[in-house]
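Read through the structure below, which is laid out as structure tokens, and then see the notes.
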Amino acid sequence: MKSNDNSWVLITGASSGFGEEFARQYAAQGKSLVLVARRLDKLEALSAQLRERFGIEILVEQVDLSSVPAIIELHKRLGQQGIVVDVLINNAGHGLQGPFIDHAVDQSLAMINLDIASLTVMTRLFAQDMRIRRRGHILQVASLLSYQGVKHFAVYSAAKAYVLRFCEALHQELKADGVVVTALCPGMSDTGFAQSASQKLTPVLRKVMMQPQPVVRAGIRALQAGRMSVVPGFGNKALTVLTWATPRWLHQRLMANVMGV
Numbered sequence: 000m001k002s003n004d005n006s007w008v009l010i011t012g013a014s015s016g017f018g019e020e021f022a023r024q025y026a027a028q029g030k031s032l033v034l035v036a037r038r039l040d041k042l043e044a045l046s047a048q049l050r051e052r053f054g055i056e057i058l059v060e061q062v063d064l065s066s067v068p069a070i071i072e073l074h075k076r077l078g079q080q081g082i083v084v085d086v087l088i089n090n091a092g093h094g095l096q097g098p099f100i101d102h103a104v105d106q107s108l109a110m111i112n113l114d115i116a117s118l119t120v121m122t123r124l125f126a127q128d129m130r131i132r133r134r135g136h137i138l139q140v141a142s143l144l145s146y147q148g149v150k151h152f153a154v155y156s157a158a159k160a161y162v163l164r165f166c167e168a169l170h171q172e173l174k175a176d177g178v179v180v181t182a183l184c185p186g187m188s189d190t191g192f193a194q195s196a197s198q199k200l201t202p203v204l205r206k207v208m209m210q211p212q213p214v215v216r217a218g219i220r221a222l223q224a225g226r227m228s229v230v231p232g233f234g235n236k237a238l239t240v241l242t243w244a245t246p247r248w249l250h251q252r253l254m255a256n257v258m259g260v
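Here numbering that gives the first Met the number 0 is used: position 147 in the sequence shown is 146, and no number is missing along the way.
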């Protein structure tokens, strides 16, 4: 059924993977959507499918989220159109596997710009609006790797650690203002991330790989419940407990074996 409120869900990185699945699940709830990504053809194809199936309002925004001025313009443009973003899904991100020294500096900085800088700016702009309204929800997509530094994922795991700790702090800062901030920390998932990150898929990773649907469902439920963070999947939860309960050298060695590095 179509939602009868005037709120919108803004999803970054909506053209594939978790972003596409967030769009599908919120569309099924009847929510109006703002879909943001660089690939316009993918966004338009997805929006056409969802409009036809669910009869919802969808706004497509082709934006390079690695550009802070582009993010500021997006926020300004939505405000001028009277779009009230009640739910912000900061899903856009980039990863790359391999020795840190073997990657060009520009590659590492591209990860930092998208995974940290753009997420921070998006959060700042839309959280301010939510605080004024005293209502809003922000889901930050972190990673299971945010719980520890992982060999051959040095910049990515560090960037996702920022996302997790940033989210934990904002959860406390903004809850009195009626704004919920939740971190989603998925493990290996079948989203196409491994291919884009040139990641080696070991037999263990293939065995524990989750589909996007239950991961996204867990994120939405945690956000609606007002939780600080969520790790989908029993095996992934067990790994976080192991991280807390064992010396760093041990769980880092174990994770390196799991990741095949």
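Built from N, CA and C at the ideal position, the CB exists for glycine as well.
With 16 other Cβ atoms within 10 Å as the buried cut-off, status of Q139: What you label residue 139 is simply residue 140 of the sequence shown in a count that begins at 1. When all chains shown are included, Q139 counts as buried.
Residues bridged to E60 [DSSP beta-bridge criterion]: Here residue 60 refers to the residue found at position 61 when the sequence shown is read from its first residue. Residue pairing by DSSP places E60 opposite V35 in a beta bridge.
Sequence-distant residues of the same chain with beta carbon closer than 6 Å to V154, five excluded per side: Working through the sequence shown from its first residue, we reach residue 154 at position 155. Once the five neighbours on either side are set aside, the close Cβ partners of V154 are S107, M110.
Anticipated Cβ contact below 8 Å, L173 with R130, distance rounded: Within the sequence shown, residue 173 is the residue found at index 174, counting from 1. Within the sequence shown, residue 130 is the residue found at index 131, counting from 1. With 8 Å as the limit, L173 and R130 qualify as a contact, their Cβ atoms being about 7 Å apart.
Beta-bridge pairing of A182 - partner residues as DSSP gives them: Here the question's residue 182 lines up with position 183 in the sequence shown. Its beta-bridge partners are Q139, S228.
Stretch pair the segment 61-79 + the segment 34-41: three plus CB contacts closer than 8 Å: The segment 61-79 is in contact with the segment 34-41.
Chain-order list of residues whose beta-carbon lies under 7 Å from that of A26 (same chain, five-residue window excluded): If you number the sequence shown from 1, residue 26 lands on position 27. These residues qualify, in order along the chain: L32, L49, F53, I55.
Beta-carbon proximity of M227 to A182, cut-off 8 Å: What you label residue 227 is simply residue 228 of the sequence shown in a count that begins at 1. What you label residue 182 is simply residue 183 of the sequence shown in a count that begins at 1. Cβ distance < 8 Å, so M227 and A182 count as in contact.
Inter-residue spacing [alpha-carbon to alpha-carbon] between H74 and F125: Here residue 74 corresponds to residue number 75 of the sequence shown, with the count starting at 1. Here residue 125 corresponds to residue number 126 of the sequence shown, with the count starting at 1. Distance from the CA atom of H74 to the CA atom of F125, rounded to whole angstroms, is 8 Å.
Close beta carbons around S142, own chain, < 7 Å, minus the five adjacent residues each side: Looking up residue 142 in the sequence shown gives position 143. Apart from sequence neighbours up to five positions away, the residues of its chain that approach S142 with a beta-carbon distance below 7 Å are K159, C184, P185, ordered along the chain.
Whole-number beta carbon distance between A22 and L34, since they are thought to touch under 8 Å: Sequence index remark: in the sequence shown, residue 34 carries index 35 (1-based). Sequence index remark: in the sequence shown, residue 22 carries index 23 (1-based). That belief holds up - the Cβ atoms of L34 and A22 are roughly 6 Å apart, short of 8 Å.
Strand pairing of W7, partner residues [DSSP]: As a first step, residue 7 must be located in the sequence shown, where it is residue number 8. Per DSSP, the beta-bridge partners of W7 are S31, V84.
Status (buried if at least 16 other CB within 10 Å, exposed otherwise) for G18: Walking along the sequence shown from the start, residue 18 turns up at place 19. Classification of G18: buried, given that the 10 Å Cβ count is 16 or more.
Spatial distance of Q210 from Q80 (CA atoms): For the purposes of this step, residue 210 is taken as the residue at position 211 of the sequence shown. For the purposes of this step, residue 80 is taken as the residue at position 81 of the sequence shown. It is roughly 35 Å from the alpha-carbon of Q210 to the alpha-carbon of Q80.
Coarse secondary structure for M187, derived from DSSP in three states: Your numbering for residue 187 matches position 188 in the sequence shown. Of the three classes helix, strand and coil, the one that applies to M187 here is coil, per DSSP.
Cβ shell of L144 (< 7 Å), same chain only, five flanking positions each side left out: The residue you call residue 144 lines up with position 145 of the sequence shown. Take L144, set aside five residues on each side of it, and the residues of its chain with a beta-carbon closer than 7 Å to its own are F152, Y155, S156, K159, in chain order.
Cutoff 6 Å; reference V120; Cβ partners in own chain excluding five residues on either side: Position 121 of the sequence shown, counting from 1, holds the residue named residue 120. Counting only Cβ-Cβ distances below 6 Å, and skipping sequence neighbours, we find V67, I70.
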